[in-house]
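**Q** Protein chains in written order, with the working numbering: chain A, 2 to 367; chain B, 40 to 674.
Idealized CB from N, CA, C, for every residue including glycine.
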Amino acid sequence: MRIFTFCTIETGQFFSSGHTNNWAVLVCTSRFWFNYRHVANTLSVYRSVKRLGIPDSHIVLMLADDMACNYRNPKPATVFSHKNMELNVYGDDVEVDYRGYEVTVENFLRVLTGRLPPSTPRSKRLLSDDRSNILIYLTGHGGNGFLKFQDSEEISNMELADAFEQMWQKRRYNELLFIIDTCQGASMYERFYSPNLMALASSQVGEDSLSHQPDLAIGVHLMDKYTFYLLEFLEEVHPASQANMNDLFKVCPQSQCVSTPGHRTDLFQRNPGSVLITDFFGSVRKVEITKDTINLTSSLKPLIQSGDMQIESLTYVDQLPVAEIIHQKPKQKDWHPPDGFILGLWTLILLVFFQTYGIKHLKHIF
Amino acid sequence: MAAHRCGLSLVCILIFSSLAHPSSCDTLEKANDNTAEKRSISEVNTDGSVAGEALNERQWQSTDAEVDRSDSTTHSEALTPAAARDEFQEELVIRPLHSGDIYASFQFRTLWDTDFLQEGQKVSHYRLFPKSLGQVLSKFSVRELHISFTQGFWRTMQWGQPFIPSPPGAELWVWFHDTVSDVDGNWKELTNVLSGIFCASLNFIDLTNTVQPSASFKPLGLGNATDHRFLRYATLPREIVCTENLTPWKKLLPCGSKAGLAVLMKSEKLFHSSFHSQAVHIRPICQDEQCSSKAWELRQTLNVVFDLHTSGQGKKEWSLFKMFSRTLTEACPLASSSKVYVDITDNPEGELFELSPATPLLGQAVVLGDRRTYSVYDLSRAETFGQLRSFNLLLRWKGDSGDMLRPLLHAERYVAGFGLQTGEIHTVIYNNHPYRAFPVLLMDSVPWYLQLYIHTLTVTSKSRDNKPSYIHYQPAKDRHRPHLLEMLIQLPPHSMTEVTVQFERALLKWTEYTPDPNHGFYVGSSVVSALVPSMVAMRTNFTQDQPLFSSFVPVKEESSYFVRVYTEPLLVNLPTPDFSMPYNVICLTCTVVAVGYGSFYNLLTRTFQVDEPSPPLSKRLANLIRRMRGVPLLT
Numbered sequence: 002m003r004i005f006t007f008c009t010i011e012t013g014q015f016f017s018s019g020h021t022n023n024w025a026v027l028v029c030t031s032r033f034w035f036n037y038r039h040v041a042n043t044l045s046v047y048r049s050v051k052r053l054g055i056p057d058s059h060i061v062l063m064l065a066d067d068m069a070c071n072y073r074n075p076k077p078a079t080v081f082s083h084k085n086m087e088l089n090v091y092g093d094d095v096e097v098d099y100r101g102y103e104v105t106v107e108n109f110l111r112v113l114t115g116r117l118p119p120s121t122p123r124s125k126r127l128l129s130d131d132r133s134n135i136l137i138y139l140t141g142h143g144g145n146g147f148l149k150f151q152d153s154e155e156i157s158n159m160e161l162a163d164a165f166e167q168m169w170q171k172r173r174y175n176e177l178l179f180i181i182d183t184c185q186g187a188s189m190y191e192r193f194y195s196p197n198l199m200a201l202a203s204s205q206v207g208e209d210s211l212s213h214q215p216d217l218a219i220g221v222h223l224m225d226k227y228t229f230y231l232l233e234f235l236e237e238v239h240p241a242s243q244a245n246m247n248d249l250f251k252v253c254p255q256s257q258c259v260s261t262p263g264h265r266t267d268l269f270q271r272n273p274g275s276v277l278i279t280d281f282f283g284s285v286r287k288v289e290i291t292k293d294t295i296n297l298t299s300s301l302k303p304l305i306q307s308g309d310m311q312i313e314s315l316t317y318v319d320q321l322p323v324a325e326i327i328h329q330k331p332k333q334k335d336w337h338p339p340d341g342f343i344l345g346l347w348t349l350i351l352l353v354f355f356q357t358y359g360i361k362h363l364k365h366i367f
Numbered sequence: 040m041a042a043h044r045c046g047l048s049l050v051c052i053l054i055f056s057s058l059a060h061p062s063s064c065d066t067l068e069k070a071n072d073n074t075a076e077k078r079s080i081s082e083v084n085t086d087g088s089v090a091g092e093a094l095n096e097r098q099w100q101s102t103d104a105e106v107d108r109s110d111s112t113t114h115s116e117a118l119t120p121a122a123a124r125d126e127f128q129e130e131l132v133i134r135p136l137h138s139g140d141i142y143a144s145f146q147f148r149t150l151w152d153t154d155f156l157q158e159g160q161k162v163s164h165y166r167l168f169p170k171s172l173g174q175v176l177s178k179f180s181v182r183e184l185h186i187s188f189t190q191g192f193w194r195t196m197q198w199g200q201p202f203i204p205s206p207p208g209a210e211l212w213v214w215f216h217d218t219v220s221d222v223d224g225n226w227k228e229l230t231n232v233l234s235g236i237f238c239a240s241l242n243f244i245d246l247t248n249t250v251q252p253s254a255s256f257k258p259l260g261l262g263n264a265t266d267h268r269f270l271r272y273a274t275l276p277r278e279i280v281c282t283e284n285l286t287p288w289k290k291l292l293p294c295g296s297k298a299g300l301a302v303l304m305k306s307e308k309l310f311h312s313s314f315h316s317q318a319v320h321i322r323p324i325c326q327d328e329q330c331s332s333k334a335w336e337l338r339q340t341l342n343v344v345f346d347l348h349t350s351g352q353g354k355k356e357w358s359l360f361k362m363f364s365r366t367l368t369e370a371c372p373l374a375s376s377s378k379v380y381v382d383i384t385d386n387p388e389g390e391l392f393e394l395s396p397a398t399p400l401l402g403q404a405v406v407l408g409d410r411r412t413y414s415v416y417d418l419s420r421a422e423t424f425g426q427l428r429s430f431n432l433l434l435r436w437k438g439d440s441g442d443m444l445r446p447l448l449h450a451e452r453y454v455a456g457f458g459l460q461t462g463e464i465h466t467v468i469y470n471n472h473p474y475r476a477f478p479v480l481l482m483d484s485v486p487w488y489l490q491l492y493i494h495t496l497t498v499t500s501k502s503r504d505n506k507p508s509y510i511h512y513q514p515a516k517d518r519h520r521p522h523l524l525e526m527l528i529q530l531p532p533h534s535m536t537e538v539t540v541q542f543e544r545a546l547l548k549w550t551e552y553t554p555d556p557n558h559g560f561y562v563g564s565s566v567v568s569a570l571v572p573s574m575v576a577m578r579t580n581f582t583q584d585q586p587l588f589s590s591f592v593p594v595k596e597e598s599s600y601f602v603r604v605y606t607e608p609l610l611v612n613l614p615t616p617d618f619s620m621p622y623n624v625i626c627l628t629c630t631v632v633a634v635g636y637g638s639f640y641n642l643l644t645r646t647f648q649v650d651e652p653s654p655p656l657s658k659r660l661a662n663l664i665r666r667m668r669g670v671p672l673l674t
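(1) Throw me the rounded Cβ distance for the residue 166/A and residue 212/A pair, which I believe falls under 8 Å.
(2) Can you list, in chain order, the residues of its chain whose CB lies under 8 Å from that of residue 305/B, leaving out five sequence neighbours each side?
(3) Quick check on residue 348/A - is its C-beta less than 8 Å from some C-beta in chain B?
(4) With DSSP as the reference, label residue 170/A as helix, strand or coil.
(5) Considering only the beta carbon of each residue, do residue 206/B and residue 563/B sit closer than 8 Å?
(6) Beta carbon of residue 507/B, beta carbon of residue 248/B: below 8 Å?
(7) Tell me, please, which residues DSSP counts as bridged to residue 436/B.
(8) Within the 8 Å Cβ cut-off, does residue 70/A reach chain B?
(9) Let me know if residue 326/A comes out buried or exposed under the rule of 16 or more other beta-carbons within 10 Å of its beta-carbon.
(10) To which residues of the same chain is residue 592/B closer than 6 Å at the C-beta, ignoring the five residues directly before and after it?
(11) On the three-pair Cβ rule with 8 Å, is the segment 314 to 322 of chain B touching the segment 193 to 207 of chain B?
(12) Does residue 623/B pass the burial test, meaning 16 or more other C-beta atoms within 10 Å, or should it be called exposed?
(13) Counting Cβ pairs, one atom from each stretch, are 3 or more of them under 8 Å apart for the segment 277 to 294 of chain B and the segment 61 to 75 of chain A?
(14) Per DSSP, residue 162/B forms a beta bridge with which residues?
(15) Measuring only between beta-carbons, confirm whether residue 234/B sits less than 8 Å from chain A.
(16) For residue 78/A, would you say it is in contact with chain B, using Cβ-to-Cβ distances shorter than 8 Å as the test?
(17) Which residues in the same chain as residue 355/B place their Cβ atom closer than 6 Å to its Cβ, once the five residues preceding and following it in sequence are excluded?
(18) In the structure shown, what three-state DSSP assignment does residue 586/B receive?
(19) Of the residues 261/B, 134/B, 359/B, which one's Cα is nearest the Cα of residue 431/B?
(20) For the alpha helix (DSSP H) containing residue 223/B, name the first residue and the last one.
(21) When the Cα atoms are used, what is the spatial distance from residue 443/B to residue 137/B?
(22) Fully enclosed by the segment 629 to 663 of chain B, which alpha helix (DSSP H) runs are 4 residues long or longer?
(23) Residue 553/B CB to nearest chain A CB: under 8 Å?
(24) Residue 195/B lies in the alpha helix (DSSP H); which residues open and close that run?
(25) Does residue 115/B get closer than 8 Å to chain A when you measure Cβ to Cβ?
(26) So, are the CB atoms of residue 260/B and residue 169/B less than 8 Å apart?
(27) Taking 8 Å as the CB-CB cut-off, is residue 61/A touching chain B?
(28) Could you check where the beta strand (DSSP E) with residue 210/B kicks off and where it finishes?
(29) Going along chain B in order, which residues have a C-beta closer than 8 Å to the C-beta of residue 316/A?
(30) Do you know whose CA, among 472/B, 429/B, 400/B, lies nearest residue 416/B's CA?
(31) Would you say residue 228/B reaches chain A, if we count a Cβ-Cβ gap shorter than 8 Å as a contact?
(32) Decide if residue 199/A is buried, meaning its Cβ has at least 16 other Cβ atoms within 10 Å, or exposed.
(33) Around the C-beta of residue 112/A, are 16 or more other C-beta atoms found within 10 angstroms, so that it is buried, or is it exposed?
(34) So, residue 491/B versus residue 567/B, is the Cβ gap smaller than 8 Å?
(35) Go ahead and pull the three-state DSSP assignment for residue 511/B.
(36) Would you be able to state if there are at least three C-beta pairs under 8 Å between the segment 147 to 155 of chain B and the segment 217 to 227 of chain B?
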């Protein structure tokens, strides 16, 4: 009976938030070994989101470079977030959907808007609907109004705002939380104009986001300050916690972060104080309790006897049939005119010319 | 936690449903069995003798609950679709290498007696065979599929021949069924689907790096038609292999990574190695010795070579715990056989290394042309695990091993030349057999941006010209097709054959460069396929009791065995433009225009006007009063 009442409390709360499923799009846009911290940032958010319940099928993880199995990594298949190698955020069951050269501005925008080629597999798609709460996390190098992708292209804040508007027009989200950890990150959310968007950034325009601590064995900085304190905050959150967005806004004040984190809530309908952290970082599973038994119809079919089975010769093929290969006729795909045809044609033309005009013209040619 | 809540609610449903219908205690049992099956397979009894009966029972359970359990077996024979006669075998082969390193090879095989390509009957009941791969096979009419992901390069001269070779990066080759009308379309979709299944960027495989070999890569499974129009081969030498590729690979196994040999697969140890390769091979094979019917075989292999110096203190001692940081506790309950083989051919009296725990079982197998002796540990027997219920193999070196037997076939490849315009590709093939000559088939697939000059192709053995008996060359088409060169070369005994071809580097369009173009561009490995004379008679027909690692490649004649050797991939630098030049040019041009033209324009069109400043307030008031008085104004 205790279990039963627990269920009713949960269902009451669940129906007040308005969403039925959760998605996350986590992007690291930097390449090269010295940008290890950006991959660690993204993986720590991935780890928190997975721990709080969002399954891999609902997470689109994009990592622009491979740090875990990089030849410079002294401990392969690991990505650490704390120095002295305390926490391995890479884990043992990570699934990266877009990796390496696939992380481009075009692919990112196509994932958001859903305009992908038809042969794209499901794990690479954002299959959200109008009742989805989406968490979007971007990290990398950025500037005033742009974010750099893989050192060769950039996405501007206007493009991002337009992409979100497309998502709104297509009803691809219910509410969207946008977190960005780059230098001058607040410039990226200045241009948003679609409803139900809440944004957080690690620094204001004109400020740089700083990295946290290097590890001497690995040799690079492991995390950025904002995401480090964000991870510490999220480690305290569990799926039933009541922490709300106001607590998230307080993460990493200027004394810890050196830069001033900013946020934007004017486009959001609900009061941030009533929005749970788990509305975006956790996952809602809809449970329907039923008292009826459901009869499964048996899917038995009589086995089709081998009357019409094709009789293929059941032998293995010779792996290197030397005699067959030597006598293989090369396949002529392009047709060329027979040998000597051009030569014959020119001879004919010359003959006709000299026939008509006589041999005395010969000395003018040679 | 959400899963926990889900589990609680599931229990709610079950309790309510059972309370509402007390007559169907069968339903509750069945539901419990189903959830137990779903949650952890290791809870099922591991006793081998009862496993067969349990398997039959589980086959039956998915059908109607009212069928009486006592005549389950007869019902299953007559009514279940596809008769679900699938079996799963797993084995681990450990081969100590002469340099002190150790080579471990996992082989998992699922055999299924069904037909994916049969018209009219869709396969829908999957048990041991993974559903994701089965759907891929039937949707794209695939006859054979071989995909491998490799990190590192196999050093033939130091380690010998691998059981199943693979090139660095990702390699995919597929034989389609001859009913397919659009092979290229199927190939493109298949690569996209596989990139989703294996979390790899296989979608970069397109027509610019796909070739249709005309004589290499004959099907390894059953079949008679070998029209090479239905074969596609592609390789991505730049592909990284990491935990994200291992995770979905482990999910394809029937026991996952929870029981059996797959518990040893921990990524932190597997990737901290000199060589790591995981592969999936699907092909139709003979079901039994008489070869009266065919079955589908899914073979998952994982080869790894651990380095002595990076994995420990340098003491020449290996154990399962040192290699994998785990020990074995049980066999996979769904496996019909689960064995560990340790190669002790070089250690007949125990003078080279000491193996513990000792085992009375010995096996012999002819593999790669050599008869090898193995100590066999059968994990389906409880006494293998001993008192502590855990099995940890220990190999301790006692003496120094002599020189390794040189492998009969070996190949190398490198780029020669200087500068960023031209170069030369050299492929060197060694035949180390003292008196036998044998033919090899060399297949080279070079991307279009290295423009080969085939008129400079030379093949020399022992400093004399060696004319290949078969050459197939398909020239590249810029941005459409790579070069394909296949040659059948007869290698004289105890010789080195060198194949050289000159090339010129192309200038790419600036959007075609990768984000890190100064790293260079990769050229895939060459493939050398050969029938090498064997020292021992090979077995031409496969029996069920043969270990898996010796029964992969079909053998047609006893005196030779088929081997495939991959060379190194090449890394070439292409002439790279300075990508900041457009920005520089815009800055310079705008500055010149602004300063030069702008000042000229100003000189021509600017006029000067005298502008008097407005007088202060006091002066303005004074002027106002003076105007009223009619007196002259102040200036």
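**A** In short, the structure shows the following:
(1) 33 Å between Cβ atoms; not a contact.
(2) 363, 364, 365
(3) no
(4) It is helical.
(5) For residue 206/B and residue 563/B, yes; Cβs fall inside 8 Å.
(6) no
(7) 392/B
(8) yes
(9) buried
(10) 601
(11) Two segments are said to touch when three or more pairs of C-beta atoms, one from each, lie closer than 8 Å; by this definition the segment 314 to 322 of chain B touches the segment 193 to 207 of chain B.
(12) exposed
(13) yes
(14) Residue 162/B pairs with nothing; no bridge assigned.
(15) yes
(16) Yes, residue 78/A lies at the interface with chain B (some Cβ there is under 8 Å from its Cβ).
(17) 139, 436
(18) coil
(19) For residue 431/B, the nearest C-alpha among the options comes from 359/B.
(20) 222 to 237
(21) 6 Å
(22) 637 to 644
(23) yes
(24) First-last of the alpha helix (DSSP H) with residue 195/B: 195 to 198.
(25) Note that residue 115/B scores 41 on pLDDT, short of 50, meaning its location in the model is unreliable and no value can be drawn from it.
(26) no
(27) no
(28) 208 to 215
(29) Going along chain B in sequence order, the residues near residue 316/A (Cβ under 8 Å) are 261, 263, 330.
(30) Check the Cα spacing between residue 416/B and each of 472/B, 429/B, 400/B: the tightest is with 400/B.
(31) It does; some Cβ of chain A falls within 8 Å.
(32) buried
(33) buried
(34) no
(35) Note: residue 511/B maps to strand in three-state DSSP.
(36) no
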